[in-house]
Amino acid sequence: MEQEKSVESMEGMIRCSANHVPLSPISFLERSASVYRDRVAIVYGRVKFTWRDTLERCTRLASAITHLGISRGDVVQALLLNIDVVIGKLHNSFVAALAPNIPAMYELHFGVPMAGAVLCTLNIRHDSAMVSTLLKHSEAKMIFVDYQLLDTAQEALKILSKARTKLPRLVLIPECDKLQPTISNSGPLLLET
Numbered sequence: 022m023e024q025e026k027s028v029e030s031m032e033g034m035i036r037c038s039a040n041h042v043p044l045s046p047i048s049f050l051e052r053s054a055s056v057y058r059d060r061v062a063i064v065y066g067r068v069k070f071t072w073r074d075t076l077e078r079c080t081r082l083a084s085a086i087t088h089l090g091i092s093r094g095d096v097v098q099a100l101l102l103n104i105d106v107v108i109g110k111l112h113n114s115f116v117a118a119l120a121p122n123i124p125a126m127y128e129l130h131f132g133v134p135m136a137g138a139v140l141c142t143l144n145i146r147h148d149s150a151m152v153s154t155l156l157k158h159s160e161a162k163m164i165f166v167d168y169q170l171l172d173t174a175q176e177a178l179k180i181l182s183k184a185r186t187k188l189p190r191l192v193l194i195p196e197c198d199k200l201q202p203t204i205s206n207s208g209p210l211l212l213e214t
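Throughout, our numbering is defined as the position within the sequence shown, counted from one, plus 21.
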């Protein structure tokens, strides 16, 4: 009797494959891309992506960060205002994100877990001291930075370097509507959009 109650749903039905399927962000995206393949998933200004586009972009993002050394449990952070793609930490791998509701943040919420990492979102109003504290605390291996917040991120990394903390890899995100970033810097990696 006790065992039966543990498998009952809130509706009083016994859970089985006919009435219960666990849902994760990744399975949600995969199902949406299958069922609503050519329907618009996101609109941001002139930018539009279908569910198929979104799954493809998130899969490429997960693959890219994996090739850059991000693995299960790593943390990745993002400092973003207006970008096209992004990343997160799970167990030992963290990805950080500092961004409003933009396509890049949306894609990070799917792409980072696909890579087995954890997304650590940051408030875009934080100053460089707070960003450095959060980077240190999360032990982020990677930070994605919107071109408009590059100064804040670089100052945060400077603070971390003085504390002799291992620095996360910086990936610069260009403007969503432009092919080339506004700021050119040979130091950080440049995310292709």
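Heads up, the beta-carbon is just placed ideally off N, CA and C, and yes, glycines get one too.
All values derive from a computational prediction rather than experimental measurement.
- Counting C-beta atoms within 10 angstroms of its own C-beta, residue 179 has fewer than 16 neighbours from the protein chains shown and is therefore classed as exposed.
- Taking C-beta atoms as the reference points, residue 189 and residue 131 fail to come closer than 8 Å.
- Relative to residue 194, the option among 67, 170, 181 whose CA is nearest is 170.
- With fewer than 16 other Cβ atoms from the protein chains shown falling within 10 Å of its own Cβ, residue 66 counts as exposed.
- In this structure the region 86-100 touches the region 154-166; the number of beta carbon pairs closer than 8 Å is three or more.
- In the DSSP assignment, residue 60 forms no beta bridge with any residue.
- Proximity to residue 50 across 83, 75, 140, 148 peaks at 75, based on C-alpha coordinates.
- One Cα belongs to residue 34, the other to residue 43, and the distance between them is close to 16 Å.
- Per DSSP, residue 69 is one residue of the beta strand (DSSP E) stretching across 68-71.
- In the structure shown, residue 37 adopts coil according to DSSP, grouped into three states.
- In this model, residue 57 and residue 77 are separated by some 14 Å (Cα to Cα).
- Bounds of the alpha helix (DSSP H) holding residue 154 are 149-159.
- Contact between the region 82-93 and the region 142-155 is absent: fewer than three C-beta pairs spanning the two stretches fall below 8 Å.
- Residue 186 carries a coil assignment under DSSP once its states are collapsed to helix, strand and coil.
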